[in-house]
Amino acid sequence: RKVEIQKLDRLLPREKEVPELLSNIESIVSASGMILSEMNLSEIPGQGEIRKINGTMKLGGNYTSFVNFLDLLEKNLRLVEVGTVDAAAQLAGGSRTLNYDVRFEISYLAEEQP
């Protein structure tokens with residue numbers, strides 16, 4: 074069961090690992106062909122073993138790139154739950170772009186306090 078435990082440990086790490094998380098999201102955005110214009114993270118105050126980080130991001134790109142982004146995000150090692158997606162079309166320089174506002178949550182295990 075060691076392999077299964079290692080997979081769970083990657084899905085739900087024991088620390089926030091914010092720098093690694095930001096790097097992973099940026100690489101997913103880049104690999105999907107999307108453009109990241111803004112990202113915000115905030116920890117949800119709470120108690121218990123499983124803690125959550127709220128996140129929002131603003132992305133630009135076409136629909137195919139966005140579907141690719143969601144697919145890559147789903148295959149990511151961290152557990153990321155997408156809550157809502159808002160999309161709006163924008164005409165810029167004669168070409169049409171879609172802008173997406175994505176809200177998500179990322180979970181991690183809190184260290185036990187003595």
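Under the working numbering, the first residue of the sequence shown carries the number 74, and numbering increases by one thereafter. Ideal placement from N, C-alpha and C gives every residue a C-beta, glycine not left out. These numbers come from a predicted model, not from an experiment.
Asked: Please report the distance separating the alpha-carbon of L109 from that of S103.; Found: 8 Å
Asked: Spatial neighbours of N113 within its chain, please: CB distance less than 6 Å, with the 5 preceding and 5 following residues excluded, ordered by chain position.; Found: T129
Asked: For a test of the three-state rule: what should DSSP assign to L145, helix, strand or coil?; Found: helix
Asked: Examine the Cβ distances between the segment 169–181 and the segment 135–147 and report whether three or more of them are shorter than 8 Å.; Found: yes
Asked: Going by alpha carbons, who is nearest to Y181 out of S100, E111 and G119?; Found: G119
Asked: Going by C-alpha distance, which of I126, F139 and I98 is nearest A160?; Found: F139
Asked: Within the segment 127–182, note down every full alpha helix (DSSP H) run reaching 4 residues or more, in order along the chain.; Found: 136–147
Asked: Within 10 angstroms of the Cβ of S100, are there 16 or more other Cβ atoms? Answer buried if so, exposed if not.; Found: exposed
Asked: Residues in its own chain within less than 6 Å of S115 by CB, not counting five upstream and five downstream?; Found: N127
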